[in-house]
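K.L.:
Quick one: the structure is below, questions incoming.
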Ligand code: GTP
Ligand code: MG
Ligand code: NA
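In the working numbering, the protein residues as written are 43 to 507.
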């Protein structure tokens, strides 16, 4: 396929970091939205995706570009939001494996934290170039707000004491990064060569609340994309597409959120997906995206497309999508292709995932809203609880009466403690609740993952007390 430096695709940017460092808030600032305040407990529990048009990037860097005079060649930017909570290592790993460049967000007040270091390790293992946002700079003592201003202009407005607090905290972060083997510097204090041609990581002070430094982050990411990794961004017609999430949406049924990196998807295409029960071939009945600058994981007025071009996050509608697995590739059967070849190619990675999802003979039923959440729950139950909580069955979506019947068998098997449903972020049918009463099945619900573990652990402690 002919690829050209004049035909770049959107860079895929992943935003990573420790819980509550301000990742979603930073995106809210760029989107002019309020997604973060709508999240249960204020924590992100799924992978998100937002597409920014080139004109948005230009508008939001206009003040800074008066001096930078940067020529935007990328057609936009696709930003993947990830959760920072420790339970979601799998989603951070998925995010870091899909991206071209990354923003690692550090809370300037806290310095490097556990998932900062985990994220650093992932990015370096995959050789992803990244910038570090030293966020919450507005928390420095007596900070004077300079709304949406380039960071150097904002720093000029501050008193000496404020600047020296900022300096000292930034130096602490730099030292901590050095301890991890990462060379870094305040970005305007390094030559462009330092971060273009070496592994020096640029530090950008930001405030996701008042907007200082956000222009600088966008500008640096685009510069990195166009000057450092442009070869990798040359658009390619071969489809490269991955499943982000499988999700039931009211009125649409089961949908699959995919990331199209290269190539096209078209309505009517014969798509091949990977499931636990083997490959499925289904016609694409609809292709939906949220409007530009809107988060895909927030229900909105979707835009319908006949055809989409990478890089873009897209919601795919079709039949038989219930069992599609997140993190697996999507392929299209072209006129020249053997369907069987495509099927086996799509299934190739499954063995790895199957190992993760294998279940025990006796154990609780775990039900979650998305496969990503389910994977996170299972991983936590297996690896983070001591002793591990066994899981005998899993499911996605609403808890029905039949689920209660299924797990009530644990009572007969002499394991009444496992006659339990851990229901994460899903609704419970009224009939299911009534049936649970009759059958002696407990249903524990929560929309924050670790609350479920707390409930179950308390319950087990009571049993053994
Ligand atoms: P997870 O997705 O749960 O890992 O968190 P996150 O990194 O997305 O952080 P989030 O956007 O949820 O912000 C966490 C809290 O920090 C919220 O209360 C925000 O309002 C606050 N916050 C985020 N950025 C800033 C900032 O720049 N300044 C100040 N003062 N507060 C901030
Ligand atoms: Mg978040
Ligand atoms: Na949060």
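Even glycine gets a Cβ: it sits at the ideal position worked out from N, Cα and C.
I want to know whether the region 138 to 146 touches the region 71 to 87 - three or more CB-CB distances under 8 Å.
P.N.:
No, the region 138 to 146 is not in contact with the region 71 to 87.
K.L.:
Mind checking which residues open and close the alpha helix (DSSP H) that includes residue 260?
P.N.:
Residues 256 to 269.
K.L.:
Decide if residue 345 is buried, meaning its Cβ has at least 16 other Cβ atoms within 10 Å, or exposed.
P.N.:
Under this definition residue 345 is an exposed residue.
K.L.:
Would you list the residues whose beta-carbon is nearer than 5 Å to any heavy atom of the ligand NA, in the order they occur in the chain?
P.N.:
Working through the chain, the matches are 62, 84, 85.
K.L.:
If the criterion is Cβ atoms closer than 8 Å, does the pair residue 222 and residue 153 meet it?
P.N.:
Cβ atoms of residue 222 and residue 153: not closer than 8 Å.
K.L.:
Tell me whether the beta-carbon of residue 169 lies closer than 8 Å to the beta-carbon of residue 58.
P.N.:
Against a cut-off of 8 Å, the Cβ pair of residue 58 and residue 169 comes out as no contact.
K.L.:
Would you call the region 306 to 315 in contact with the region 365 to 376, where contact means no fewer than 3 C-beta pairs closer than 8 Å?
P.N.:
Yes: the two stretches touch, three or more of their Cβ pairs being nearer than 8 Å.
K.L.:
Could you tell me which residues DSSP puts in a beta bridge with residue 149?
P.N.:
BP columns for residue 149 point to 153, 177.
K.L.:
Counting along the chain, where does the alpha helix (DSSP H) carrying residue 59 start and finish?
P.N.:
Counting along the chain, residue 59 falls outside any alpha helix (DSSP H), though it belongs to the beta strand (DSSP E) covering 54 to 59.
K.L.:
Within the present structure, is the beta-carbon of residue 75 separated from the nearest heavy atom of the ligand GTP by less than 7 Å?
P.N.:
The answer is no for residue 75.
K.L.:
Roughly how many angstroms separate the alpha carbons of residue 279 and residue 56, rounded to a whole number?
P.N.:
Spanning the two alpha carbons is a distance of roughly 23 Å.
K.L.:
Over what stretch of residues does the alpha helix (DSSP H) that includes residue 289 continue unbroken?
P.N.:
Unbroken run through residue 289 is the beta strand (DSSP E), 282 to 291; no alpha helix (DSSP H).
K.L.:
If you count every other CB in all the chains shown that lies within 10 Å of the CB of residue 455, and 16 or more means buried, which is it?
P.N.:
Exposed: under 16 other Cβ atoms inside 10 Å.
K.L.:
Can you tell me the Cα-Cα spacing of residue 257 and residue 327, whole angstroms?
P.N.:
Their Cα atoms are separated by approximately 39 Å.
K.L.:
In chain order, what residues of the same chain lie with their CB nearer than 7 Å to the CB of residue 192, ignoring the 5 residues before and after it?
P.N.:
105, 106, 257, 258.
K.L.:
Look up residue 364 in the DSSP assignment and give the residues it is bridged to.
P.N.:
DSSP, once it has assigned bridges, lists no residue as partnering residue 364.
K.L.:
Do residue 148 and residue 174 come within 8 Å of each other at the CB atom, strictly closer than that value?
P.N.:
Against a cut-off of 8 Å, the Cβ pair of residue 148 and residue 174 comes out as a contact.
K.L.:
Out of 410, 299, 252, which one is the CA nearest neighbour of residue 341?
P.N.:
Residue 299 is the option with its Cα nearest to residue 341.
K.L.:
On the three-state DSSP scale, how would you describe residue 87?
P.N.:
It is coil, neither helix nor strand.
K.L.:
What residues in its chain sit with their C-beta under 8 Å from that of residue 211, if we drop five residues either side in the sequence?
P.N.:
Once the five neighbours on either side are set aside, the close Cβ partners of residue 211 are 150, 151, 153, 176, 182.
K.L.:
Can you tell me where the beta strand (DSSP E) holding residue 82 begins and where it ends?
P.N.:
No beta strand (DSSP E) holds residue 82; DSSP gives it neither H nor E.
K.L.:
Cα separation between residue 91 and residue 408?
P.N.:
So the alpha carbons of these two residues sit roughly 26 Å apart.
K.L.:
For residue 62, which three-state DSSP category applies?
P.N.:
In this structure, residue 62 counts as coil in the three-state DSSP scheme.
K.L.:
Should residue 185 be labelled buried (16 or more other beta-carbon atoms within 10 Å of its own) or exposed?
P.N.:
So residue 185 counts as buried.
K.L.:
Measuring alpha carbon to alpha carbon, tell me which residue in 267, 468, 65, 488 is nearest residue 289.
P.N.:
Of the candidates 267, 468, 65, 488, the one whose C-alpha sits nearest the C-alpha of residue 289 is 468.
K.L.:
Comparing the CB of residue 88 with every heavy atom of the ligand FMN, is any distance shorter than 7 Å?
P.N.:
Here the bound small molecules are the ligand GTP, the ligand MG and the ligand NA; the ligand FMN is not part of this structure.
K.L.:
Just checking my contact of residue 315 with residue 366 at CB under 8 Å: how many whole Å lie between their CB atoms?
P.N.:
Indeed they touch by this definition, with Cβ atoms about 4 Å apart.
K.L.:
Spatial neighbours of residue 312 within its chain, please: C-beta separation below 7 Å, excluding the five flanking residues on both sides.
P.N.:
Excluding positions up to five away in sequence, the list reads 323, 325, 374, 375.
K.L.:
DSSP three-state call for residue 203: helix, strand or coil?
P.N.:
Here residue 203 sits in helix by DSSP.
K.L.:
Under the assumption that residue 353 contacts residue 54 (Cβ atoms under 8 Å), give the Cβ distance between them as a whole number of angstroms.
P.N.:
Residue 353 to residue 54, Cβ: 5 Å. Contact.
K.L.:
For residue 448 versus residue 473, is the C-beta spacing smaller than 8 Å?
P.N.:
Going by C-beta atoms, residue 448 is not nearer than 8 Å to residue 473.
K.L.:
By how many angstroms is the C-alpha of residue 329 removed from the C-alpha of residue 161?
P.N.:
Roughly 32 Å between the two C-alpha positions.
K.L.:
Could you tell me which residues DSSP pairs with residue 228 in its beta bridges?
P.N.:
Answer is 245, bridged to residue 228.
K.L.:
Candidates 501, 440, 500, 46: which alpha carbon is nearest residue 272's?
P.N.:
Selected option, being the one with the closest Cα: 46.
K.L.:
Please determine whether the Cβ atom of residue 248 lies at a distance below 7 Å from any heavy atom of the ligand MG.
P.N.:
Incorrect: residue 248 has no Cβ contact closer than 7 Å to the ligand MG.
K.L.:
Please report the straight-line C-alpha distance between residue 38 and residue 477, rounded to a whole angstrom.
P.N.:
An answer regarding residue 38 cannot be provided, because it is not within the stretch 43 to 507 covered by the chain.
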